[in-house]
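Chemist:
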Amino acid sequence: MDIKEIERPVGEHLGRFEPYFRNQLQSRNTLLSLATNYVFRRKGKRMRPLLVFLSALAAGGVREATYAAAALIELLHNASLVHDDVVDETYTRRGSWSLMGLWNSKVAVLVGDFFLSRGMTLAIEGGHYDILAIVSKAVRDLSEGELSQMEHARRLDLTEEAYYEVIRQKTATLIEACTRAGATSAGGDEATVRALSDYGNHLGLAFQIRDDMFDYTPGGAFGKPALNDVKEQKITLPLLAAMRNADEADRKALMRQIRRHPKADATAEAALRLVTTYGGMDYARQQMLRFAVMAKEDLATLPDGEAKTALARLVDYNTGREV
């Protein structure tokens, strides 16, 4: 499915958003300008601004506040990526150097702080306090989700229920913030805001399950799965499902390896065998599609139109993506 077709209803707004967002990154500090320009030039698909604008269009129409909402969320998203790289000691991101890799952790943390502060200033200066409240809750959930995942990784006690809560906080909360903020910026009524919020939550859950499946999917330069989650002692849905179905001996043997030698290639390969043997990927795919269906059902009460159609197509695009 072509993302350009999904973007078409708000293509003009997305085009105007680029210079608007870049203007929010201006600074008189030379190092900060270099760092923010580097982040801007390595922008991804801009999925979050797309969600904000489509939600606003579905809720009544794009307004000036919609641009502020999209910028605020994009600033938060970039801040979270920069800080994640520091926490995970990651020197590259999607084939390019991270800020931490180019400079150091101190610079990266301060640039992330700048993104956060710039977002708050943008909201306060425009009087968009309702949108600031939505994004502030997302920041809280992101932090709690990261810490919860660390705790479960340390204890290796993650359950499927706890997994859904972690990915809700880590991923779905920001997707939900996009759709809620977009609908709010357009002056949508309570039922419309609620429907689009639920849509964002379910889309976010499906999105993260798809992301977790990539770790066990062949890819990269040598066609091998990355298996980074296992090496960081993160037990995601494919492995959770496989361990539930596995023989007790196989399950206990893998848990011993993860506890004692988490970064060993042999441990990662054992996890992959377990996932493959006991249907972990099939179960994860079923759950991803379950949340995808729920996301589409959330749109049922919205008026028919190109925005509603694009939001439904965006579900298929994200659950079918290969990167």
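Numbering (this note's numbering), first residue to last: 741 to 1063. Ideal Cβ placement from N, Cα and C applies to all residues, glycine included. Remember, predicted model here, so these are calculated numbers, not experimental data.
(1) Looking at the structure shown, is S767 part of a helix, part of a strand, or coil, going by DSSP?
(2) Which same chain residues, not among the five before or five after A798, have their C-beta less than 6 Å away from its C-beta?
(3) Going by DSSP in three states, T899 sits in which element: helix, strand or coil?
(4) Write down every uninterrupted run of the alpha helix (DSSP H) in the region 904–981 whose length is 4 residues or greater and which is fully enclosed by it, in chain order.
(5) Does DSSP classify T1007 as helix, strand or coil?
(6) How about L821 and G859: do their beta carbons lie closer than 8 Å?
(7) Along the chain, where does the alpha helix (DSSP H) containing K744 start, and where does it finish?
(8) Pick out the complete alpha helix (DSSP H) segments inside the region 1006–1048, 4 residues or longer, and give them in chain order.
(9) Might you give, ordered along the chain, the residues of its own chain that have their beta carbon closer than 6 Å to the beta carbon of D912, omitting 5 neighbours on each side?
(10) Between V847 and V826, what straight-line distance do the alpha-carbon atoms span, to the nearest angstrom?
(11) Which residues in the same chain as Y1018 place their Cβ atom closer than 6 Å to its Cβ, once the five residues preceding and following it in sequence are excluded?
(12) Taking contact to mean at least 3 C-beta pairs separated by less than 8 Å, is the region 1023–1033 in contact with the region 948–958?
(13) On the DSSP letters alone, give me the boundaries of the alpha helix (DSSP H) that E829 sits inside.
(14) Should D897 be labelled buried (16 or more other beta-carbon atoms within 10 Å of its own) or exposed?
(15) Look at the alpha carbon of V792 and the alpha carbon of C918, and state the distance between them as a whole number of angstroms.
(16) Does DSSP put S773 in a helix, in a strand, or in coil?
(17) For H753, which residues from the same chain have a beta carbon less than 7 Å from its beta carbon, with the 5 sequence-adjacent residues on both sides left out?
(18) Have a look at Y904 and N844 and give me their C-alpha separation to the nearest angstrom.
(19) On a Cα-Cα basis, can you pick out the residue from L839, M995, I874, G800 that is closest to R782?
(20) Which one of I864, D938, F1031 has the shortest CA to CA distance from F947?
(21) Confirm, please, whether the CB-CB distance from T924 to I874 is below 8 Å.
(22) Where does S876 fall in DSSP's three states?
(23) Per DSSP, which one or two residues make a beta bridge with S836?
(24) Is K785 helix, strand or coil by DSSP?
Modeler: A quick look at the data gives this:
(1) For S767, the secondary structure class from DSSP, reduced to helix, strand or coil, is coil.
(2) L1042, A1047, K1048
(3) coil
(4) 913–925, 930–954, 968–971
(5) helix
(6) no
(7) For K744, the enclosing alpha helix (DSSP H) starts and ends at 743–747.
(8) The region 1006–1048 contains these whole alpha helix (DSSP H) runs: 1020–1038.
(9) Note on identity: in this sequence residue 912 is Ala, with Asp being the wrong assignment. Within the same chain, A912 has close Cβ partners N941, G944, L945.
(10) Within the model, the alpha-carbon separation for V847 versus V826 is close to 10 Å.
(11) A982, N985, A986
(12) Taking 8 Å as the limit for Cβ pairs, the verdict is that the region 948–958 does touch the region 1023–1033.
(13) No alpha helix (DSSP H) contains E829, which DSSP labels as neither H nor E.
(14) exposed
(15) 5 Å
(16) helix
(17) F793, V802
(18) 33 Å
(19) L839
(20) F1031
(21) Contact flag set, yes.
(22) helix
(23) R833
(24) Coil.
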